Amino acid sequence: MNYEQAKALLESKKQTQLLRYYDELDDAGKNKLLDAIENINWDFEDALANPVDMSGKDRDIRPIAGLRLSAIEKRKAEFEKIGVEAIKAGKVAAVLLAGGMGTRLGVDGPKGAYDIGVTKPLYIFEQQMKNLAEVNKKCGVFVPLYIMTSDKNHAQTTSFWKAHNYFGYPESEVKFFKQDMAPAVDFNGKIFLETKDTPALSPNGNGGWFGSMMRAGLGEDLHKRGVEWLNIYAVDNVLQRIADPVFVGATIDSGVNCGAKVICKTNPYEKVGVLCMDGEKPDIIEYYELTDEMANQKDENGDLAYCYGAIMNYLFRLSQLEEIVNKKIPVHIVEKKIECLYEDGVTRKPEKENGKKFETLAVDLIKPMESVLPFEVAREKEFAPIKNKTGVDSVESARELLKLNGVEL
Ligand code: UTP
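Residue numbers (numbering that gives the first Met the number 0): 0 to 408.
Below, the structure written as structure tokens:
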């Protein structure tokens, strides 16, 4: 794209501020900026013009049936056998979603490279791989691992894994792919400049992981290996079980397209989104969408009817993902502190929210998957997310939970 074409495009989009410093740039900078403009994904315009209706009205919300701990315990051996067989046969792969910015934790670089050790280093990635190693040992195989990064952390993530010898994995079993980026805009919808030759782009949320994986050419790899199920998981939960054979077995046995690890709400008003049915389809209802009556509704056993809080550990049937890969899922608009170029020519992060980012969410894949099995896990054994440095869901709380589970720190 040359300057005239970029100018015409930006005039039509009312985004000419991106060319504000063009004349000051050297040739390399000019080309860099023109390339970046050519590659802007303009889907955000539609998201701004038609924001997702988050009110939950017009939905036919009902409780969803799931597997509680006691029911799982009774059939554990049976589920485990099915799961181990599937993993042994190479039907299960793991996908680590690690493209996020980890802004709440406030570290530079990949969140998974954060050291949570006390007396010795223990990186988040490392702890998760220790959990996966137990499954590999039991099944006698390496579960193929795919890792999603973003432009913001790809180089650092791949070099970190290499420097740590892929945490005991053969290099051939770990593949990295980058997620897509979306522009970040101010409150008037104008795309920020991050530097004079670079529009501000951010990872576009974790909902587009499968499309990004396909665009990276990994579909062929999955089929060559005979993979049928993909277990996606977040980088921040250091206690989660990845490719857990019991979970895999229960999901396969139930005939659904998606298994979701869930923790049960401890009280009716706990602030977590819960799995539910919307008419004939599975969905998530946010805590603020639940009426008082629904929040307190009980099932036939006297337990909360809306209790299954999802923890970002899902097992997706590959064939169904392939069916829906081109279906649009909602683009959510989130107000954030966006690092950008200020009038004084300096790039910095503002003290408070200064604009909007656009994100799709993995949880919005639940509905198009059409059937889902909520699979309860014990919160204190499998849920230690690290979102913040201190307080709730923090390095501190995760360390306590790791210790309770016998992990030496
Ligand atoms: P979070 O919603 O916690 O976002 O991501 P985050 O970016 O890591 O952290 P904050 O909000 O900036 O503090 C949940 C999971 O989804 C991944 C994250 O890496 C994490 O594993 N994710 C999030 C992506 O892979 N891509 C994204 O664009 C966003």
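Positions of the beta carbon are idealized from the N, C-alpha and C atoms, including for glycine.
Given the structure is predicted, the values throughout are model-derived calculations rather than measurements.
- Of all residues, those with a beta-carbon under 5 angstroms from at least one heavy atom of the ligand UTP are 96, 97, 98, 99, 100, 101, 102, 103, 202, 204, 205, 233, 234, reported in chain order.
- Bounds of the alpha helix (DSSP H) holding residue 208 are 208-214.
- Along the region 134-169, the alpha helix (DSSP H) occurs as fully enclosed runs of 4 or more residues at 153-162, listed in sequence order.
- Where residue 28 is concerned, the enclosing alpha helix (DSSP H) starts and stops at 26-37.
- For residue 254, there is no enclosing alpha helix (DSSP H), as DSSP gives it neither H nor E.
- The way I'd put it, the region 56-66 does touch the region 295-310; three or more beta-carbon pairs between them come closer than 8 angstroms.
- Distances from the alpha-carbon of residue 103 to those of 114, 235, 253 put 235 closest.
- Shortest Cα-Cα distance from residue 263 to any of 404, 50, 68, 12 involves 68.
- Residues of the same chain with a CB within less than 6 angstroms of the CB of residue 145, apart from the 5 flanking positions on each side, are 94, 174 in chain order.
- Spanning the alpha carbons of residue 272 and residue 124 requires a straight line of approximately 26 angstroms.
- Contact between residue 101 and residue 110 holds: CB atoms are separated by about 4 angstroms, below the 8 angstroms threshold.
- Boundaries of the alpha helix (DSSP H) around residue 80: 75-87.
- Scanning its chain for C-beta atoms nearer than 6 angstroms, with the 5 sequence neighbours on each side dropped, one finds around residue 370 the residues 255, 256, in chain order.
- Residue 270 and residue 292 have their C-alpha atoms roughly 16 angstroms apart.
- DSSP places residue 218 in the uninterrupted alpha helix (DSSP H) bounded by 217-224.
- For residue 103, no beta strand (DSSP E) segment is defined, and its DSSP state is neither H nor E.
- By the neighbour-count definition (other C-beta atoms within 10 Å, threshold 16), residue 404 is an exposed residue.
- Here the C-alpha atom of residue 386 lies approximately 6 angstroms from the C-alpha atom of residue 393.
- For residue 334, the three-state secondary structure derived from DSSP is strand.
- Nearest to residue 337 by C-alpha distance, out of 189, 290, 277, 366, is 189.
- Spatial neighbours of residue 167 in its own chain (CB-CB distance under 8 angstroms, excluding positions within 5 residues in sequence) are listed in chain order as 128, 132.
- Annotated as proximal: residue 231 and residue 315, with beta-carbon spacing under 8 angstroms.
- In this model, residue 349 and residue 182 are separated by some 17 angstroms (Cα to Cα).
- Scanning its chain for C-beta atoms nearer than 7 angstroms, with the 5 sequence neighbours on each side dropped, one finds around residue 14 the residues 189, 190, in chain order.
- Per the coordinates, the alpha-carbon of residue 180 lies some 19 angstroms from the alpha-carbon of residue 8.
- For residue 0, there is no enclosing beta strand (DSSP E), since its DSSP letter is neither H nor E.
- For residue 362, no beta strand (DSSP E) segment is defined, and its DSSP state is neither H nor E.
- Taken through DSSP and simplified to helix, strand or coil, residue 58 comes out as coil.
- Contact between the region 375-390 and the region 273-284 is not established, with fewer than three Cβ pairs separated by less than 8 angstroms.
- Cβ contact annotation for residue 72 (same chain, cutoff 8 angstroms, sequence separation greater than five): none.
- The C-alpha of residue 407 is placed about 49 angstroms away from the C-alpha of residue 44.
- Between the region 314-332 and the region 299-306 there are fewer than three C-beta pairs closer than 8 angstroms, too few to call the two in contact.
- Per the DSSP secondary-structure output, residue 228 pairs in a beta bridge with 91, 316.
- In this model, residue 186 and residue 243 are separated by some 43 angstroms (Cα to Cα).
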